[in-house]
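This report concerns only the one structure given below.
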Amino acid sequence: MKRFFLFAIFLFAAGCHIPTVPSPDMLTIVETAFDPAVFAQGRKAAVIIEATNDLPSEDPMLNNLTFKNRRTGELFYISTTGREVLMISPGEYDLVKFVISGSMGLTFSEADLTPRYRASFSVKAGDVAYLGRVKTHVVMGKKEYDNFGPATQRVRSHTFLLNGIDSLPADFIGRIERLTGKKPTSNLIEWRKNASAGYSR
Amino acid sequence: MKKLPLLLFVVLAAASCASVGTSAVSEPEEMRATLERERMTKAGVLLRYGEPNAVFNKDGKEIFEYKYVSVYNNPASYPFLIGLFFKANRYRTNYLYVAFDRDGSFVSADAVGVSGAYPPENVF
């Protein structure tokens, strides 16, 4: 019996595949994935959001945003290089995390923009809301070389909200209509600088 | 010492599932059939199944939403090499919508569920 269990554990580990322990975040991701049958019941809202950036990297860097329901504390996560459609509970939501991450050459880079911005929106049950496009534009400064240390380069970034509902592809809008029974309407996130933390740009 | 492999196996198996919601909704069809058969009032449903996840109004009816959401390890992904062909985790979401009329009498129960490999497929 002991040999059997040791062998089972060996197979487990030798497969170079340690199972990922399911986490509460995974439950949130599963619950907020759009499902037409659940949406048809009328309690949830569907939200469409786009998030892009032009950071210089070989592969597009991920835009990770987390929003929290003001009343219930429910979270939902957006992790995208383009467009996401999610299904969330109605209510008022605030941005609690905004991080751009990804590979830049040999290193993994993360830019935490959370302190710089405040964002919020409100949806009702049955809404099919286009929240806008969160675009981060980056300006790379001149590289400065130092004989005694590595080169440095200033990076200036600016994140702003675009309203691109008219530029959404027709086939995408058609799919939204088919799966939700409604056309999407513009319900833009209120996106602003966190002036109280001293950010004005 | 003899019990260590068994204990390790049990711990690994127990750590392989995360869930939230009302456990009765893990078998939504059974719960729906019970409700249809017994035609419980709102008070009866609250007594037997506890507070719903959400309450909302639709078409003049009051609706209780019960849910059970789980993400669990896929045992098919455990075996050496063969497991590489399977996703590590699977998920299941079950919702049960129980509708009552104005005086709290049972009207209908509707079960909705989906399962698959994690992460969920993007239908768009």
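Sequence order for the protein chains is A and B.
Those letters in the first sequence? Residues 511 to 711, per this note's numbering, in order.
Those letters in the second sequence? Residues 401 to 524, per this note's numbering, in order.
A virtual CB, placed ideally from N, CA and C, is assigned to each residue, including glycine.
Query	Result
Would DSSP call B:Y472 helix, strand or coil?	strand
Is the beta carbon of B:Y497 closer than 9 Å to that of B:A509?	yes
Of all the beta strand (DSSP E) runs that stay within the bounds of the segment 416 to 490 of chain B, which reach a length of 3 or more residues?	417 to 421, 454 to 458, 461 to 473
I need the boundaries of the beta strand (DSSP E) containing A:M536, first residue and last residue.	First-last for A:M536: 534 to 542, but that is the alpha helix (DSSP H), not the beta strand (DSSP E).
What does a CB cutoff of less than 6 Å around A:L575 pick up in its chain, not counting 5 residues either side in sequence?	I588, F608
Going by DSSP, what residues sit across from A:A629 in a beta bridge?	A:W701
For A:V540, decide whether its Cβ has a neighbour in chain B, counting only Cβ atoms nearer than 9 Å.	yes
Near A:T538, which residues of its chain fall below 7 Å by C-beta distance, leaving aside the five closest residues on each side in sequence?	L585, F586, Y587
Compare the beta carbon distance of A:G552 and B:K458 with 9 Å and say whether it is the shorter of the two.	yes
With C-beta atoms as the reference, is A:S632 less than 9 Å away from A:N704?	no
Counting C-beta neighbours from all protein chains within 10 Å, is the total for B:L435 16 or more, i.e. buried, or is it exposed?	buried
Quick check: is the beta carbon of A:A543 nearer than 9 Å to any beta carbon in chain B?	yes
Is the distance from the Cβ of B:S470 to the Cβ of B:Y449 below 9 Å?	no
Since A:T690 is in the beta strand (DSSP E), which residue starts that stretch and which ends it?	Here A:T690 belongs to no beta strand (DSSP E); instead the alpha helix (DSSP H) covers 680 to 690.
Would you check if the segment 638 to 645 of chain A and the segment 613 to 623 of chain A touch, i.e. whether three or more CB-CB distances between them fall below 8 Å?	no
Which residues does DSSP pair with B:N494 in a beta bridge?	B:Y468, B:G513
Counting only beta-carbon separations shorter than 9 Å, does B:E521 have a partner in chain A?	yes
Between the alpha carbons of A:A561 and A:R593, how many angstroms are there, rounded?	7 Å
Distance, Cα to Cα, A:V531 vs B:Y468?	19 Å
What is the C-beta distance between B:Y466 and B:N489, in whole angstroms, given that I count them as a contact (C-beta under 8 Å)?	With a Cβ gap of about 23 Å, B:Y466 and B:N489 do not count as contacting.
I need the straight-line Cα distance from A:R628 to A:D604, nearest angstrom please.	8 Å
With burial defined as no fewer than 16 other Cβ atoms inside 10 Å of the residue's Cβ, what is the status of A:M511: buried or exposed?	exposed
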